[in-house]
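Following: one structure in structure tokens, then a few remarks.
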Amino acid sequence: MSEIKKRLSTILESPTYHTEEKLQKICHLLDQEIPYFNWTGFYFKNGDKDELLLGPYVGAATDHTVIPFGKGICGQVALSGETFVVPDVHEQDNYLSCSIDTKAEIVVPIFKNGENIGQIDIDSHTLDPFTDEDREMLEWLCVEVGKIF
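The letter at position 83 of the sequence shown is residue 70 when you use this note's numbering, and the numbering goes up by one with no holes.
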């Protein structure tokens, strides 16, 4: 995982990429390097509205390009500001299904100056795949992503 963190740092620190390019490259890297990350994307707060807009992502197309706060795992994280790990999405009542293949999800918030500005959302086709190491790496990543805004 430390090698992935080094590569993520290189992307984040690169002066040649603008923010959206960095986010897209992060999605690609995570998708390529972690086999059970089957959909990786960013959602960001839509101005003053209580909704999230889909940002850069890698994976199957999704109908969920706008998510109201409180709806689904992403919408819940927008309100709570806390990482949400779902080992089995079928056990969640407040869940937005992006794919019939999705079995697990992790969503980690991104903060800028104490404000929850967005999140990284990762879906997996594997039941209960996310490790403590995954969570720690994604939480570190989201702190670093918050610094580029």
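C-beta: ideal position from N, C-alpha, C; glycine also.
On a predicted model such as this, the values are computed, not experimentally measured, just so you know.
Do residue j and residue i have their beta-carbon atoms positioned less than 8 Å apart in this structure?
i	j	result
N33	H112	no
Y30	G59	no
G46	G28	yes
Q79	V73	yes
C61	Q11	no
Residues in its own chain within less than 6 Å of residue i by CB, not counting five upstream and five downstream?
i	result
D88	H112
N103	G68, P96
Quick one: what's got a C-beta closer than 8 Å to residue i's C-beta in the same chain, skipping five residues either side?
i	result
I135	L(-1), T6, K9
D50	C85
L16	I(-9), R(-6), L(-5), I(-2)
E131	L(-5), S(-4), L(-1)
What's the gap between the Cα of residue i and the Cα of residue j?
i	j	result
T70	I93	7 Å
T(-3)	C14	14 Å
L114	D37	31 Å
A48	L128	24 Å
Y44	L125	15 Å
T52	A65	15 Å
I54	D119	27 Å
Tell me, please, which residues DSSP counts as bridged to residue i.
i	result
K9	The partner list for K9 (beta bridge, DSSP) is empty, contrary to what the question assumes.
S111	A91
F71	V94
Q106	Y30, P96
P55	E38
Sorted by chain position, which residues of the same chain lie with C-beta nearer than 7 Å to residue i's C-beta, five sequence neighbours on each side aside?
i	result
P116	Y23, A91
Q63	G57, F71, N81
Where do the N-terminal and C-terminal ends of the beta strand (DSSP E) with residue i fall, by residue?
i	result
L41	38 to 45
Going by DSSP, what residue range makes up the alpha helix (DSSP H) through residue i?
i	result
L76	Just to set this straight, residue 76 is Val in the shown sequence, not Leu. Where V76 is concerned, there is no enclosing alpha helix (DSSP H), given that its DSSP letter is neither H nor E.
I(-2)	-11 to 0
L125	119 to 133
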